[in-house]
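Student: Submitted below is the structure of interest, expressed as structure tokens.
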Amino acid sequence: MLVLGFQGSPRKKGNTHFLLSSFMHAAEKLGAQTRTIEVTKKNIDACKELIVCEKKGYCPIDDDMKHEIYPLIRQAEVVVIGTPIFFYNMTAQLKAMVDRCQTFWARKYVFKLRDPAQKMRRGFLLSVAATKGKNLFEGLELTAKYFFDAIDATPAGSLTYREIEGPKDMANHPTVLEDVEIAVEKLLKPFLNRRKILFACRENACRSQMASAFAQHFAGDRLEVFNGGSEPAQKINPDMAKVMEETGIDMAYRIPKTIDEAISQSPPEIIITMGCGEQCPYVPGARRQDWDLPDPAGKSIEYMRNVRDEIERKVKDLITEL
Ligand SMILES: Cc1cc2nc3c(=O)[nH]c(=O)nc-3n(C[C@H](O)[C@H](O)[C@H](O)COP(=O)(O)O)c2cc1C
Numbered sequence: 149m150l151v152l153g154f155q156g157s158p159r160k161k162g163n164t165h166f167l168l169s170s171f172m173h174a175a176e177k178l179g180a181q182t183r184t185i186e187v188t189k190k191n192i193d194a195c196k197e198l199i200v201c202e203k204k205g206y207c208p209i210d211d212d213m214k215h216e217i218y219p220l221i222r223q224a225e226v227v228v229i230g231t232p233i234f235f236y237n238m239t240a241q242l243k244a245m246v247d248r249c250q251t252f253w254a255r256k257y258v259f260k261l262r263d264p265a266q267k268m269r270r271g272f273l274l275s276v277a278a279t280k281g282k283n284l285f286e287g288l289e290l291t292a293k294y295f296f297d298a299i300d301a302t303p304a305g306s307l308t309y310r311e312i313e314g315p316k317d318m319a320n321h322p323t324v325l326e327d328v329e330i331a332v333e334k335l336l337k338p339f340l341n342r343r344k345i346l347f348a349c350r351e352n353a354c355r356s357q358m359a360s361a362f363a364q365h366f367a368g369d370r371l372e373v374f375n376g377g378s379e380p381a382q383k384i385n386p387d388m389a390k391v392m393e394e395t396g397i398d399m400a401y402r403i404p405k406t407i408d409e410a411i412s413q414s415p416p417e418i419i420i421t422m423g424c425g426e427q428c429p430y431v432p433g434a435r436r437q438d439w440d441l442p443d444p445a446g447k448s449i450e451y452m453r454n455v456r457d458e459i460e461r462k463v464k465d466l467i468t469e470l
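The working numbering numbers the first residue of the sequence shown as 149 and each following residue consecutively.
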């Protein structure tokens, strides 16, 4: 389970930093893998409104969004944004990241593609501000709501604090740690006892990618799904992405990884192998099933479609059985 946090304050070790790191620490205590992006240290260009995303489905700007942040968002079960209020909204640096997620908006609303994790991902908002006005967080809450919609995360709550100004005010707040603990427990509860399944193939570019996307798509937050390959390719197979798009499922920003990487955080209970041969993993106690599926790489698009349909059938049967 990946909890991805965006720290939007430029102040080193200030209030947002304290609040988000307490949140991530509480998530780790419950077994989550966490990753915090210090947004102000990243190379993230503001949106240039080139409209390439709305015409072609991707952003042409070559920066950390492309190489790191889009893939991480697609991988995360929970996305947390943490920011101080700057003029009734998030900081400019965090807003640049949010605006660049117009690419996800375009894939969802222009191209009508569904992120396979859409039924599973949750969004959470953390914020602090110096004053105490009634409407202090309203602008931010609206921006966060539409950001979470674009990245297919269901808003699952927020913690916001007024009258927090000096850099240590948050750390000195009497209830913050308890508030965070309660919120994190409630947020992560649905993710804690999911059955863990690994789909493994050779390159992690076609078969295991399709199987894990179908499993996420059909099972939502009932399964924790991993995928990996014994000899991972550099990138996913474009024909595979194309035939999955024909079913409405979006495979963008998925990156092949090794089987070890895929299961480094927690061992799977069920392993489905598809052609990784001798190198398919052995995990003590895990149930293993071999799916006899030919490698569609380098074959015709029709062949890829047939393998896709066979995988979809098998995944549905597996979910019913579980
Ligand atoms: C440029 C700027 C704009 C701000 N705008 C607001 C504001 O509109 N309302 C408010 O209550 N506080 C505002 N603040 C105060 C910060 O939200 C507050 O000091 C916060 O605790 C800083 O958190 P940090 O330590 O995580 O950076 C602003 C601060 C700055 C630097």
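All C-beta atoms, glycine included, are put in the ideal place defined by N, C-alpha and C.
(1) Is E313 near ligand 1, judged by its Cβ being under 7 Å from some heavy atom?
(2) So does L500 have its beta carbon nearer than 7 Å to some heavy atom of ligand 1?
(3) How should T182 be labelled, buried or exposed, when 16 other C-beta atoms within 10 angstroms of its C-beta is the threshold for buried?
(4) If you follow the beta strand (DSSP E) that T182 is in, where does it begin and where does it stop?
(5) Of all the beta strand (DSSP E) runs that stay within the bounds of the region 409 to 451, which reach a length of 3 or more residues?
(6) Would you mind listing the beta strand (DSSP E) stretches within the region 369 to 413 that are 3+ residues and don't spill past its ends, in chain order?
(7) According to DSSP, is Y309 part of a helix, a strand, or is it coil?
(8) Is any heavy atom of ligand 1 found at a distance shorter than 7 Å from the C-beta of P276?
(9) Pull up the CB-CB distance for M452 and P444, whole angstroms please, since I reckon it's below 8 Å.
(10) Considering only heavy atoms of ligand 1, does any lie closer than 7 Å to the CB of F235?
(11) Could you compute how far the alpha carbon of A434 sits from the alpha carbon of K383?
(12) Check whether the region 267 to 284 touches the region 199 to 218, taking contact to mean three or more Cβ pairs, one atom from each stretch, closer than 8 Å.
(13) Determine, using beta carbons only, whether T476 and S157 come nearer to each other than 8 Å.
(14) Does the region 332 to 344 come close enough to the region 365 to 375 to have 3 or more Cβ pairs within less than 8 Å?
(15) Does the distance from the C-beta atom of I233 to that of L307 stay below 8 Å?
(16) Rank E351, F362, A278 by C-alpha distance to the C-alpha of R262 and give the top, closest one.
(17) Starting from Q223, trace the alpha helix (DSSP H) both ways and give me its first and last residue.
Tutor: Let me lay it out:
(1) Residue numbering aside, residue 313 sits at position 165 when the sequence shown is read from its first letter. True, at least one ligand heavy atom lies under 7 Å from that Cβ.
(2) There is no way to answer for residue 500, as the model of the chain reaches only from 149 to 470.
(3) Your numbering for residue 182 matches position 34 in the sequence shown. T182 is buried by the Cβ-count criterion.
(4) Position 34 of the sequence shown, counted from the start, is the residue given in the question as residue 182. That run of the beta strand (DSSP E) goes 181 to 186.
(5) You should have 418 to 422, 435 to 438.
(6) 371 to 377
(7) In the sequence shown, residue 309 corresponds to position 161, counting from 1. It is a strand residue.
(8) Position 128 of the sequence shown holds residue 276. Checking the displayed sequence, the identity of residue 276 turns out to be Val instead of Pro. Yes; taking the cut-off as 7 Å, the Cβ of V276 has a heavy atom of ligand 1 nearer than that.
(9) Reading the sequence shown from its first residue, position 304 is the one you call residue 452. Reading the sequence shown from its first residue, position 296 is the one you call residue 444. With 8 Å as the limit, M452 and P444 qualify as a contact, their Cβ atoms being about 5 Å apart.
(10) The count along the sequence shown starts at 1 and reaches residue 235 at position 87. Yes, ligand 1 has a heavy atom inside 7 Å of this Cβ.
(11) Within the sequence shown, the letter at position 286 stands for residue 434. Within the sequence shown, the letter at position 235 stands for residue 383. Rounded to whole angstroms, A434 to K383 spans 28 Å at the Cα level.
(12) no
(13) With the chain covering only 149 through 470, there is no way to say anything about residue 476.
(14) yes
(15) Within the sequence shown, numbered from 1, the residue matching residue 233 stands at position 85. Within the sequence shown, numbered from 1, the residue matching residue 307 stands at position 159. Taking 8 Å as the Cβ cut-off, I233 and L307 do not qualify as a contacting pair.
(16) Taking the first residue of the sequence shown as position 1, residue 262 is located at position 114. The option with the nearest alpha carbon to R262 is F362.
(17) Here residue 223 refers to the residue found at position 75 of the sequence shown. Note, Q223: alpha helix (DSSP H), 218 to 223.
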